[in-house]
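Let me begin by presenting the structure, written as structure tokens, before commenting on it.
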Amino acid sequence: MSRHVWFPLAIRALGLALAGFCVGGVIESAGSLIYALRNPGRGAWDPIYVTLSSIGHVVPFAFGLYLLLGGRALIRWCLRDIDTMCPRCGYSCAGVTTGKCPECAFTLDASRLTAPSASKSEEIQHILDER
1469 MSRHVWFPLA IRALGLALAG FCVGGVIESA GSLIYALRNP GRGAWDPIYV
1519 TLSSIGHVVP FAFGLYLLLG GRALIRWCLR DIDTMCPRCG YSCAGVTTGK
1569 CPECAFTLDA SRLTAPSASK SEEIQHILDE R
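Those letters in the sequence shown? Residues 1469 to 1599, per the working numbering, in order.
Listed below in structure tokens is the structure:
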């Protein structure tokens, strides 16, 4: 099991929470829009007003669904340099050959000294496929 397998699970949990918190507002907005379309010319029930006011519910709900369904692009972006960073200061040590972080002089293990390569993309793909 990979050491980063918890991250996609946390992203899905965040998506579940976000979608869950917004589902009531989305249902209310859909009902308001249906009412506005059936009864035109009722002031605040104008379909354009109702549509614009529902954006605050629909956008977070859609993003929550994206995260709940995997959020692959976000996970790839977040995990792109994690193995080449210095554990002490967070400086990217990709390509460093001296064995020490150039920023804080922390002694690095050999796995952090290699530049990101196709194997890193394969590892991220493996993490995404484990879910």
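A virtual CB, placed ideally from N, CA and C, is assigned to each residue, including glycine. Since the structure is predicted, the reported quantities are computational estimates derived from the model, not experimental observations.
*When you compare each of F1529, I1523, Y1503 to D1514 by their alpha carbons, which one comes out closest?*
If you number the sequence shown from 1, residue 1514 lands on position 46. Selected option, being the one with the closest Cα: Y1503.
*Between H1525 and S1497, is the Cβ-Cβ spacing less than 8 Å?*
For the purposes of this step, residue 1525 is taken as the residue at position 57 of the sequence shown. For the purposes of this step, residue 1497 is taken as the residue at position 29 of the sequence shown. A contact, by the Cβ cut-off of 8 Å.
*asked:* Give me the residue from L1533, R1480, A1562 with the minimum Cα distance to I1550.
replied: Counting from one through the sequence shown, the residue named residue 1550 turns up at place 82. Residue A1562 is the option with its Cα nearest to I1550.
*Could you tell me the distance, in whole angstroms, from the CA atom of A1485 to the CA atom of T1566?*
Working through the sequence shown from its first residue, we reach residue 1485 at position 17. Working through the sequence shown from its first residue, we reach residue 1566 at position 98. Distance between the alpha carbons of A1485 and T1566 is about 45 Å.
*May I have the straight-line CA-CA distance separating R1540 from G1509, to the nearest angstrom?*
Position 72 of the sequence shown, counting from 1, holds the residue named residue 1540. Position 41 of the sequence shown, counting from 1, holds the residue named residue 1509. For R1540 and G1509, the distance between alpha carbons rounds to 44 Å.
*When you compare only the Cα positions, how much space is there between G1532 and S1521?*
Taking the sequence shown and counting its residues from 1, one reaches residue 1532 at position 64. Taking the sequence shown and counting its residues from 1, one reaches residue 1521 at position 53. If I take the Cα positions, the gap works out to 19 Å.
*Rounded C-alpha distance that separates I1479 from A1573*: What you label residue 1479 is simply residue 11 of the sequence shown in a count that begins at 1. What you label residue 1573 is simply residue 105 of the sequence shown in a count that begins at 1. Approximately 33 Å between the Cα atoms of the pair.
*Which residues share a DSSP beta bridge with T1575?*
Within the sequence shown, numbered from 1, the residue matching residue 1575 stands at position 107. According to DSSP, which records beta bridges pairwise, T1575 is partnered with K1568.
*Should L1505 be labelled buried (16 or more other beta-carbon atoms within 10 Å of its own) or exposed?*
By one-based count along the sequence shown, residue 1505 stands at place 37. The residue in question, L1505, is exposed, as its Cβ has fewer than 16 Cβ neighbours within 10 Å.
*asked:* I'd like the list of long-range same chain contacts for C1557, defined as Cβ closer than 6 Å, with 5 residues on each side in sequence excluded.
replied: Translated into the one-based positions of the sequence shown, residue 1557 becomes position 89. Correct list, in chain order: E1571, C1572.
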